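Below: one structure, written as structure tokens.
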Amino acid sequence: MVEQDFIPKYNYKLTIESGKFTWQSPSNIALVKYWGKKEHQIPENPSISFTLNTCKTTTTLKFEKKEVPTELFSFDVFLDGKKQDDFKPKIETFFKRIESYLPFLKEYHFVIETSNSFPHSSGIASSASGMSALALCLMSIEKLLIESDVTSSAVEAFYNEEYFNKKASFLSRLGSGSACRSIEGDLIVWGIHKDIERSSNLFGIKYPYQVHNNFKNYQDTILLVDKGEKKVSSTVGHNLMHDHPFAQQRFEQANNNISKLIEVFKTGNLKSFIEIVESEALTLHAMMMTSLPYFILMKPNTLKIINAIWSFRNQTGLHICFTLDAGANVHVLYPENDTEQVLKFIQNELVAHCQNAHYICDRIGFGAKQNL
Ligand code: PMV
784 MVEQDFIPKY
794 NYKLTIESGK
804 FTWQSPSNIA
814 LVKYWGKKEH
824 QIPENPSISF
834 TLNTCKTTTT
844 LKFEKKEVPT
854 ELFSFDVFLD
864 GKKQDDFKPK
874 IETFFKRIES
884 YLPFLKEYHF
894 VIETSNSFPH
904 SSGIASSASG
914 MSALALCLMS
924 IEKLLIESDV
934 TSSAVEAFYN
944 EEYFNKKASF
954 LSRLGSGSAC
964 RSIEGDLIVW
974 GIHKDIERSS
984 NLFGIKYPYQ
994 VHNNFKNYQD
1004 TILLVDKGEK
1014 KVSSTVGHNL
1024 MHDHPFAQQR
1034 FEQANNNISK
1044 LIEVFKTGNL
1054 KSFIEIVESE
1064 ALTLHAMMMT
1074 SLPYFILMKP
1084 NTLKIINAIW
1094 SFRNQTGLHI
1104 CFTLDAGANV
1114 HVLYPENDTE
1124 QVLKFIQNEL
1134 VAHCQNAHYI
1144 CDRIGFGAKQ
1154 NL
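In case it helps, this note's numbering puts the sequence shown at residues 784 to 1155.
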């Protein structure tokens, strides 16, 4: 598919005056990381992620036809019931990017009411769940407009669930790249990879090959090391890959790691899984440390946790590992069978390194998105 396939082929009649939709959408954690993009949110390398089950954003989108059409986007944003004007520039940029794909955007005034299942400014990226929840609400409006307007069975057949999900992922990507991996579960690939059929730079697809039972209900406990706001926005971070001395090697490495993961998912080789996932996390941070300007997002407690995980793994032989996002928090990944022992270890040894002893137990989800 190409970008033009997401431009509606018919004019909406806009017979709907007002309404509202609510969607809940999950966060995701990348195993092979997306870091570096071209124009129009096209990733420099493919990435693959676990969709999460518990960390979610719930968004209600209310819409009302403007009395007098204007050339401006009109919307208000609320987080947990409080007006959040500092979210507006990001949403304005999102609306500009998606306007040609959703031509009704300037016809309505929108009220966006959003809340997260995880604490705000916990350092957990809410852009993936937030942008995907908003994209899903917008898709519901488009579907309503089409259904109320066009009766042709050909159009209805075209506008099926598969197209809905693809376009929702396509739009989410234009809000925040990684958000395109939050529309479905449980393992999502985004970006063209030579060994993955139908992989696309435009939207995420469900990982299409065999996945060993070892990865069923894989657990992710998120240790909140630093709840402060991110010091570097991911947009700035991605741009630093443009003149980065190791960029090409990094993009190649990500492609190779996905090829290796295909075999790992098939055979259930947890040792190789751990090696790839931890190397990806450290490479992401190595890219930040070696860009200009350079920065370090890990905190002393991040390193303490990583070292404690390594010792515990050596002592017990359990398949526990870590991954990181663009921040100081640590995602502890482990198979469902090891849950009891790992949780004890987390409580006894790792929680002390978390801010206010705060951590969140999550797991891989089969796409927790929900139309409420
Ligand atoms: O979606 P963005 O633009 O905020 O980028 C997120 C990138 C990482 O979270 C660091 C890695 C990834 O693939 O999710």
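Backbone N, C-alpha and C fix where the C-beta goes; we use that ideal spot for every residue, glycine too.
Owing to the predicted nature of the structure, the values given are computational and were not obtained by experimental measurement.
In three-state terms, what does DSSP make of residue i?
i            : result
residue 894  : strand
residue 847  : strand
residue 812  : strand
residue 1016 : coil
residue 821  : strand
residue 860  : strand
residue 909  : coil
residue 1074 : coil
residue 836  : strand
residue 1136 : helix
residue 794  : coil
residue 1022 : helix
residue 959  : coil
residue 801  : strand
residue 1120 : helix
residue 882  : coil
residue 965  : coil
residue 1029 : coil
residue 1047 : helix
residue 992  : coil
residue 978  : coil
residue 874  : helix
Which partner residues does residue i have in the DSSP bridge list?
i            : result
residue 762  : Because the chain is modelled from 784 through 1155, residue 762 falls outside the range shown and cannot be assessed.
residue 806  : 842, 1154
residue 1115 : 1004, 1105
residue 1146 : 1002
residue 865  : 862
residue 899  : 840
Using only CA atoms, which one of the options lies nearest to residue i?
i            : options               : result
residue 885  : 796, 791, 805         : 791
residue 1063 : 821, 1137, 1038, 787  : 1038
residue 910  : 999, 1018, 926, 788   : 1018
residue 1120 : 1061, 892, 1000, 1030 : 1000
residue 1026 : 1076, 815, 1054, 806  : 1076
residue 816  : 1087, 1107, 1148      : 1107
residue 1007 : 902, 1046, 1137, 995  : 1137
residue 836  : 988, 996, 1148        : 1148
residue 991  : 1130, 971, 942        : 971
residue 829  : 804, 988, 900, 894    : 988
residue 832  : 812, 932, 920         : 812
residue 968  : 901, 1114, 809, 943   : 809
residue 1011 : 1048, 1115, 1043, 902 : 902
Any heavy atom of ligand 1 closer than 7 Å to the CB of residue i?
i            : result
residue 817  : yes
residue 1136 : no
residue 962  : yes
residue 743  : For the chain, the structure presents residues 784 to 1155; residue 743 sits outside this window and is missing.
residue 1021 : yes
residue 911  : yes
residue 959  : yes
residue 1017 : yes
residue 1116 : no
residue 813  : yes
residue 978  : no
residue 863  : no
residue 1067 : yes
residue 1108 : yes
residue 810  : no
residue 923  : no
Only counting the same chain, and skipping five residues up and downstream in sequence, which positions put a Cβ closer than 6 Å to that of residue i?
i           : result
residue 957 : 824, 880, 881
residue 914 : 955, 958, 959, 962
residue 755 : In the structure displayed, the chain extends from 784 to 1155; residue 755 sits before or after that span and is not available.
Please list, in chain order, all residues of the same chain as residue i whose beta carbon is under 7 Å from its beta carbon, the five residues on each side excluded.
i            : result
residue 867  : 860, 861
residue 1133 : 1006, 1088, 1091
residue 984  : 825, 826, 974, 975
Near residue i, what residues of its chain come up, given a Cβ to Cβ distance below 8 Å and the 5 sequence neighbours on each side ignored?
i            : result
residue 1101 : 1095, 1117, 1121, 1124, 1125
residue 947  : 922, 926
residue 1167 : Limits of the chain in this structure are 784 at one end and 1155 at the other, which puts residue 1167 out of reach.
residue 1111 : 906, 1008, 1009, 1080, 1081, 1082, 1084, 1085
residue 805  : 841, 842, 843, 844, 920, 1154, 1155
Less than 8 Å between CB atoms is the rule here; does residue i satisfy it with respect to chain D?
i            : result
residue 1111 : Absent here is chain D; the protein component of the structure consists of one chain.
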